[in-house]
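Trainee: Structure below; questions to follow.
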Amino acid sequence: MIKGDGIGPELVDAAVAVLEAVERSAGGFHLELDLHEAGAELYRRSGYNLGSQSLQAIRQADATMKGPVGLPDVRFPDGTEAGVIGGVLRTGLDTYANVRPIRLLPGVPTPLKAEPGEIDYVIVRENTEGLYLSRGKGIVTDSAVADTMMITRKGTERVARYAFELASARSGAPSDGTRRVTCVDKSNVLASFAFFRRVFDEVGEGYPGIEREYLYADAAAQALVVRPQHFDVLVMENFLGDILSDLGGGTIGGIGLCPSGNIGDDHAYFEPIHGSAPDIAGQ
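In this note's numbering, the protein residues as written are 442 to 724.
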């Protein structure tokens, strides 16, 4: 368990209370909680945001719960937030599927004309490559910067397969019950996304019972607002998934209600998708 920064400790304490209540009522398992520190406050004191012993403990755990990390005034020399450890965990643990359910719950206000049950889809975001893999590696001068988007066959195959398997286990889109996986990209502009779509198609051929659909990212942003009930599972590159999952969160009461699972073949960790909100910590 990592409590994180800002409101993180309060959130994790509340989540632990829920887990312990489930343990007492359901039975059949025992929780062993191992607390470790990571994030901006740790970096401010020590010069590192995640210790090697903590990373090793995370590798050995069955699962990890992580509160939000990062503080706006604690930054690396390149200007990026020093508390952010998601990239280290995602690549270090190879948790290649970032699973973000978007579901409207009863009693939660939404800016859309939708009822509970009409918004119920999952964004599967590739988690270990794409544009964010370039973080900290870009070419930076006084006059220009460059970041590289890396998309591989292996990375695309496994995240696409995860999306199709997830759709196979779900009940389909709220509008028509169709089990559907939507590939979101910008293949009309970038060859990397055209490759992503081609590999998605190759994987999809192994799931004849799942409908395949394709949307450019800008069109997907509109469709998630205009007809969210159409969607079941959406799969996309890392950067696009970060943006569109926040858009989805805005339609179900805000990102404060959005969970996130980072899942690989051997490891998994779970967290909220919102930030550390230090301005309201303790309130």
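Positions of the beta carbon are idealized from the N, C-alpha and C atoms, including for glycine.
#1: Distance, Cα to Cα, T532 vs I693?
#2: Please classify S633: is it buried, with 16 or more other beta-carbons within 10 angstroms of its beta-carbon, or exposed?
#3: Starting from N679 and walking both ways along the alpha helix (DSSP H), at which residues does that stretch end?
#4: So which of Y710, G716 and H715 has the shortest CA-CA distance to D535?
#5: Kindly give me the distance between the Cβ atoms of D735 and Y603, rounded to whole angstroms, as I take these residues to be in contact under 8 Å.
#6: CB-CB under 7 Å to L491, same chain, minus the five flanking residues each way: which ones, in chain order?
#7: With a CB to CB cut of under 7 Å and the five nearest residues on each side skipped, what residues in its chain are close to G520?
#8: Helix or strand or just coil, what does DSSP make of D519?
#9: Kindly indicate which residue of D583, V563 and D588 has the alpha-carbon position closest to the one of L572.
#10: Going by C-alpha distance, which of M590, G618 and C699 is nearest G716?
#11: For L574, which residues from the same chain have a beta carbon less than 7 Å from its beta carbon, with the 5 sequence-adjacent residues on both sides left out?
#12: How is the beta strand (DSSP E) around T582 delimited, first residue to last?
#13: Using the three-state DSSP reduction, which class does Y808 fall into: helix, strand or coil?
#14: Quick one: complete alpha helix (DSSP H) runs, 4+ long, within the stretch 511 to 562?
#15: In terms of residue numbering, what span does the alpha helix (DSSP H) encompassing E482 cover?
#16: L675 and T623 look like a contact to me (Cβ under 8 Å); what is the Cβ gap, rounded to whole Å?
#17: According to DSSP, is H471 part of a helix, a strand, or is it coil?
#18: Between the Cα of I560 and those of E567, N568, T551 and G511, spot the shortest distance and give me the residue it belongs to.
#19: Would you mind stating whether G511 and G524 have Cβ atoms separated by less than 8 Å?
#20: Restricting to Cα atoms, I'd like to know which of G445, N539 and G645 is closest to S495.
#21: Note down the Cα distance separating E606 from A502, rounded to an integer number of angstroms.
#22: Cα separation between E567 and T593?
#23: Alpha carbons only, please: which of D475, G488, H671 and E678 is nearest the one belonging to A635?
#24: Name the two residues that bound the continuous beta strand (DSSP E) containing I651.
#25: Indicate the three-state DSSP secondary structure (helix, strand or coil) for E451 in the structure shown.
Mentor: So, to answer that:
#1: To locate residue 532, count along the sequence shown from 1; it is residue 91. To locate residue 693, count along the sequence shown from 1; it is residue 252. Distance from the CA of T532 to the CA of I693, rounded to the nearest whole angstrom, comes to 30 Å.
#2: Along the sequence shown, read from residue 1 onward, the residue named residue 633 stands at position 192. Around the beta carbon of S633, a 10 Å sphere encloses 16 or more other beta carbons of the protein chains shown; the residue is thus reported as buried.
#3: Numbered from its first residue, the sequence shown carries residue 679 at position 238. Element bounds for N679: N679 to G691.
#4: Working through the sequence shown from its first residue, we reach residue 535 at position 94. Check the Cα spacing between D535 and each of Y710, G716 and H715: the tightest is with Y710.
#5: Absent from the structure is residue 735, since the part of the chain shown begins at 442 and ends at 724.
#6: To locate residue 491, count along the sequence shown from 1; it is residue 50. The beta carbon of L491 sits closer than 7 Å to those of A479, I526 and V529, all from its chain and outside the five residues before and after it, given in chain order.
#7: Numbered from 1 along the sequence shown, position 79 holds the residue referred to as residue 520. Correct list: empty, nothing qualifies.
#8: Against the sequence shown, residue 519 aligns to sequence position 78. Note: D519 maps to coil in three-state DSSP.
#9: If you number the sequence shown from 1, residue 572 lands on position 131. Of the candidates D583, V563 and D588, the one whose C-alpha sits nearest the C-alpha of L572 is D588.
#10: Your numbering for residue 716 matches position 275 in the sequence shown. Looking at M590, G618 and C699, the one whose alpha-carbon comes closest to that of G716 is C699.
#11: In the sequence shown, the residue the question calls residue 574 occupies position 133. Cβ neighbours of L574 beyond the five flanking positions: M591.
#12: Within the sequence shown, the letter at position 141 stands for residue 582. Membership of T582 in any beta strand (DSSP E) is not indicated, and neither H nor E is assigned to it by DSSP.
#13: The question about residue 808 has no answer here: the residues shown for the chain are numbered 442 through 724.
#14: Entirely contained in the stretch 511 to 562, the alpha helix (DSSP H) runs reaching 4 residues are, in chain order, 527 to 534.
#15: What you label residue 482 is simply residue 41 of the sequence shown in a count that begins at 1. Unbroken alpha helix (DSSP H) run through E482: A481 to S487.
#16: In the sequence shown, residue 675 corresponds to position 234, counting from 1. In the sequence shown, residue 623 corresponds to position 182, counting from 1. With 8 Å as the limit, L675 and T623 qualify as a contact, their Cβ atoms being about 4 Å apart.
#17: Locating residue 471 in the sequence shown gives position 30, where the first residue counts as 1. Shown here, H471 sits in coil according to DSSP, grouped into three states, outside any helix or strand.
#18: Residue mapping note: residue 560 aligns to position 119 of the sequence shown, counting from 1. Looking from the CA of I560, the closest CA among E567, N568, T551 and G511 belongs to T551.
#19: Residue numbering aside, residue 511 sits at position 70 when the sequence shown is read from its first letter. Residue numbering aside, residue 524 sits at position 83 when the sequence shown is read from its first letter. Yes.
#20: Residue numbering aside, residue 495 sits at position 54 when the sequence shown is read from its first letter. The shortest Cα separation from S495 among G445, N539 and G645 belongs to G445.
#21: Start at 1 with the first residue of the sequence shown, and residue 606 comes out as number 165. Start at 1 with the first residue of the sequence shown, and residue 502 comes out as number 61. Distance between the alpha carbons of E606 and A502 is about 25 Å.
#22: Counting from one through the sequence shown, the residue named residue 567 turns up at place 126. Counting from one through the sequence shown, the residue named residue 593 turns up at place 152. Rounded to whole angstroms, E567 and T593 show a C-alpha spacing of 11 Å.
#23: Taking the sequence shown and counting its residues from 1, the one referred to as residue 635 is at position 194. Comparing Cα positions, the closest option is E678.
#24: Translated into the one-based positions of the sequence shown, residue 651 becomes position 210. I651 -> no beta strand (DSSP E), and no H or E assigned at all.
#25: Taking the sequence shown and counting its residues from 1, one reaches residue 451 at position 10. Helix.
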